[in-house]
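Numbering (the numbering used here), first residue to last: 4 to 684. All residues carry an ideal CB built from backbone N, CA and C; glycine is no exception. Beneath this line is the structure, given in C-alpha cells, with notes to follow.
Shown next, in the form of C-alpha cells:
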C-alpha cells in the first residue's frame, strides 16, 4: 500500500496566507455609498457616525478602533463600542473639523485583557482555576507594563495591578477586585493589549467647507427690488444697485446666502406674459430662465440690471453683510440665444425642421430650448466650464443649478469634479424635484446640496418618515436644503393654512436641517394661487413684483420677526447646524410631531452639550392637546430624572420628564422649540 505523504511541518512564526476576510473580519463599513463608487461627503464641523461589523470565532472578546486620518496626514484613534448584544455592530462618532480629503480604516483585534476579565469574573467566584486566572492576568498586564512606549504613569499602574494579582498573601476577594479595577480601563483605553489584528481597507471622505452643509438661503428677483411702474403701464426695472438696498434687511433676518434667479439677457421670441400666458405685452419682462438675446447669453448681464461693475458692487455689499451670493446656473436657451445660430448642433431638431422646446407635460415652455448634450458633448462641456469659471472669476462661489435631472448624470460628475478640483470652495445646489433614485444619484456624483420633497410632506407621518430618512438613510451623500416655497411651489398647505401654516413650515425647516431656504413673499404670507396651478398668482417669474416689506412689518403683517428669531436660534445652537443628530419621538396626537437634536459637549466648542426638543402642531386649523413621550437618553439625560426646558421663542420654562403634556395653539404659537437647560436631582 502506498504511503500517504505527511503534511509539511508548520514553521514557527510563519504567517498565514492573506485572505479577504482577515483573521478578525471587518465588514460593512459606514459611512459609505453603495458600491463605493464615489466618496462619502461631509462638511467642516460635521459630526459623522462611523460603524462596522466585526467578530471572531468562539467566545473570546474583541476590540474595534476607528483609525481616522485628516488632510494633513495625522491619524487619530477612536475606540468603537458595541451597538447591541448579538449584532456585532460597532460604532463611534467623530467631528471632521477641516476641509479636505480624509480617510478612515477600522481595526479589529483580539482583546486579550477583556477576555481574561470576563473569564476571571466568572471562574474565580466559582472557585474554578483561581490561581491560573490570576496568573494569566498578571502575565498580560506585566507584559503591557514592560512596554517602553507606554507613559510611565500607565506602566506603573499596570505593574502594580499585575503584582497584586499574584500576591497570594492578599485575600482572594481583594485580588478579584483588581480584575475590574477602573484604573485598568483608563490605562488601556488608548493602547489596549491586542493580538490577531485586522485592519480594513481605507475609505475616503471628502470634507467640504461649512457653507456646503450649513446655511440659510433667501431668494429674490433683483429686477423687482426698486422696480417702478409708470402711469402708462411701462416699468423701470430694479437694478443691482437698487437690489443691494434689500441686502441689509435680508442679513438682519439672519440669512447668509442670497440666491438670485438668472441675471442674463432674456429672449423675446415666444416670451411669456403674466401667469405663463402666451400673449406677452411690450411691458412684460419675460422669464429669467428664457436665457439669451442679442445682448448676450450665459456670460452676460441683463442690461436692465446694470453692468459687471454694478454686479460687483452688489457682491461687495453682500460680502460686507456676511452674505454669499448664489447664482442660478440654468443650462438652456431662449430661441434668441447666440448659441442657437452659433451652435445649432447643441439643440434637438425635429423632423419638420423646428427646434424642440422644453416641456414638462402638461406645462409647455415655448420660450426655452433644452440643450442636447449628446450631439457635441466636448463642445458643450468646454462652453459650460468657461461660463462657470467666468462667474467664479467675478466672485461667485455658489451655484443653484436649475433642473439638473434633465441633463446627463455623467456631465454633472465631470463638471463638479473639474470645478472643485480648481476651486474647492464652490458649492452646487441641485434643484431637482424628481424621482428618488435620480435625486440621490445627483448628490452622489457631487452636488453639495439638494432640494427635497419637504414642501409636499405635511402630515405627521410624512414628516416623521422623511426627516428620519434625511438624517440617517441618505446623510452620507445627500444634504437637504429645506426650501419652504419657491416661485413654482405654493402648496395647498400654504394656500389654505393661513399664517399658522407659514410659521409651522418655517420652524420645521429651520430646525430639522442645517440648510433651509425662503423665497421672497413667504414672510408676507403670500398664499393666493394661480387657478389650476401650485404656484402664486401673478408669478414673479413673468412680471415685476415690488413688495413693501417694511410697511407689512410695521403693520404686524409679516413673518420676518419670527424668521429672524429662528435664524437667531440656529446661530446660537450648534445642534441645529448638524444633520445626522435628529431623533423622532412619539406623541399621542395624529398632528403633533416631536423630534430632538443633540450635540455633545466635546463638539459644541463650549464644553457644554446642546440639546433641543421640537414639538410642532402641524394642523394649522386646530388647537391640539396631547402627551409627548421622549426617550431622554437620545439627548444626553438619564431616565426618570426631571429636567428643565425653556421655550426659545416665548421664554417660558417648564420642568419636564419622559412624558409631558403639551397644548399648541396654531393661532398663537404652534411650535415649541425647547432648550434642555439642566437635569434636576
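By DSSP, does residue i sit in helix, in strand, or in coil?
i: residue 399; result: coil
i: residue 244; result: helix
i: residue 361; result: strand
i: residue 10; result: Confidence at residue 10 is low in this model, with a pLDDT of 41, below 50, so the placement of that residue should be treated as unreliable; the coordinate-derived value is given next. Here residue 10 sits in coil by DSSP.
i: residue 292; result: coil
i: residue 547; result: coil
i: residue 552; result: helix
i: residue 41; result: coil
i: residue 469; result: helix
i: residue 283; result: coil
i: residue 540; result: coil
i: residue 695; result: The structure shown does not extend to residue 695, since the chain spans only 4 to 684, so no value can be given for it.
i: residue 136; result: helix
i: residue 337; result: coil
i: residue 25; result: coil
i: residue 35; result: coil
i: residue 489; result: strand
i: residue 484; result: strand
i: residue 571; result: helix
i: residue 372; result: strand
i: residue 272; result: coil
i: residue 453; result: strand
i: residue 260; result: strand
i: residue 46; result: strand
i: residue 15; result: Low per-residue confidence applies at residue 15: pLDDT is 49, beneath 50, and the placement is therefore not dependable, though the value from the model is reported in the following sentence. It is coil, neither helix nor strand.
i: residue 461; result: coil
i: residue 560; result: coil
DSSP puts residue i in a beta bridge; with which residues?
i: residue 599; result: 586 and 616
i: residue 114; result: 197
i: residue 103; result: 210
i: residue 238; result: 232
i: residue 96; result: 52
i: residue 367; result: 362
i: residue 352; result: 358
i: residue 108; result: 70
i: residue 700; result: Summary: the structure shown does not reach residue 700, with the chain confined to residues 4 through 684, and so no result is reported for it.
i: residue 78; result: 72
i: residue 528; result: DSSP lists no partner for residue 528.
i: residue 83; result: 67
i: residue 520; result: 220 and 486
i: residue 252; result: DSSP, once it has assigned bridges, lists no residue as partnering residue 252.
i: residue 57; result: 29
i: residue 332; result: 404
Name the residue from the options whose alpha carbon lies nearest to the alpha carbon of residue i.
i: residue 506; options: 434, 490, 527 and 200; result: 527
i: residue 143; options: 206, 414 and 195; result: 195
i: residue 203; options: 473, 27 and 656; result: 27
i: residue 222; options: 211, 234, 205 and 256; result: 256
i: residue 249; options: 230, 300, 576 and 87; result: 230
i: residue 73; options: 497, 612, 669 and 48; result: 48
i: residue 126; options: 454, 176, 441 and 391; result: 176
i: residue 519; options: 260, 637, 366 and 243; result: 260
i: residue 308; options: 364, 224, 387 and 448; result: 224
i: residue 55; options: 481, 206, 419 and 329; result: 206
i: residue 34; options: 680, 169, 486 and 476; result: 476
i: residue 468; options: 588, 245, 220 and 159; result: 588
i: residue 600; options: 390, 582 and 619; result: 582
i: residue 605; options: 30, 63, 189 and 98; result: 98
i: residue 2; options: 93, 118, 81 and 40; result: The question about residue 2 has no answer here: the residues shown for the chain are numbered 4 through 684.
i: residue 498; options: 266, 461, 516 and 31; result: 461
i: residue 77; options: 83, 87, 569 and 100; result: 100
query = Enumerated in chain order, which unbroken segments of the alpha helix (DSSP H) with a length of 4 residues or greater are wholly contained in the segment 401–448?
reply = Within the segment 401–448, the alpha helix (DSSP H) runs of at least 4 residues that lie entirely inside it are, in chain order, 412–425 and 439–447.
query = Any contact of the segment 559–567 with the segment 502–513, i.e. 3+ C-beta pairs under 8 Å?
reply = Judged by Cβ distances under 8 Å, the segment 559–567 makes contact with the segment 502–513, as three or more pairs qualify.
inquiry  = Report the start-end ranges of each beta strand (DSSP E) in the segment 178–225 that is 3 residues or longer and not cut off at the edges.
reply    = Assignment of beta strand (DSSP E) within the segment 178–225, counting only whole runs of 3 or more residues, yields 197–202, 206–211 and 218–222 in chain order.
ask   = Do the segment 342–356 and the segment 373–382 make contact, defined as three or more Cβ pairs closer than 8 Å?
value = Yes, they touch.
request  = Please specify which runs of the alpha helix (DSSP H), each continuous and at least 4 residues long, are wholly inside the segment 602–682, giving them in chain order.
outcome  = Taking only runs of at least 4 residues, the alpha helix (DSSP H) segments lying wholly in the segment 602–682 are 604–607.
message = Quick test of the definition: if touching needs 3 or more C-beta pairs under 8 Å, does the segment 196–209 touch the segment 97–112?
response = Short answer: they touch.
Complete beta strand (DSSP E) runs within the segment 296–330 (minimum length 3 residues, chain order) = Whole beta strand (DSSP E) segments, 3+ residues: zero.
inquiry  = Could you check whether the segment 485–496 touches the segment 551–561, counting it as contact only if at least three pairs of C-beta atoms, one from each stretch, sit closer than 8 Å?
reply    = The segment 485–496 makes no contact with the segment 551–561; the number of CB pairs closer than 8 Å stays below 3.
task = Check whether the segment 426–440 touches the segment 398–412, taking contact to mean three or more Cβ pairs, one atom from each stretch, closer than 8 Å.
result = With the cut-off at 8 Å, the segment 426–440 and the segment 398–412 touch.
ask   = What runs of the alpha helix (DSSP H), each 4 residues or longer, lie entirely inside the segment 146–170?
value = Whole alpha helix (DSSP H) segments, 4+ residues: 155–168.
ask   = Quick one: any contact between the segment 407–419 and the segment 437–456, if contact means 3 or more CB pairs under 8 Å?
value = They touch, by the three-pair rule.
message = Is it the case that the segment 376–385 contacts the segment 301–318, given that we only count it when at least three CB pairs across the two stretches are under 8 Å?
response = The answer is no - the segment 376–385 does not touch the segment 301–318, with fewer than three Cβ pairs under 8 Å.
query = How do the segment 329–349 and the segment 275–288 stand: do at least 3 beta-carbon pairs fall below 8 Å, yes or no?
reply = These segments do not touch.
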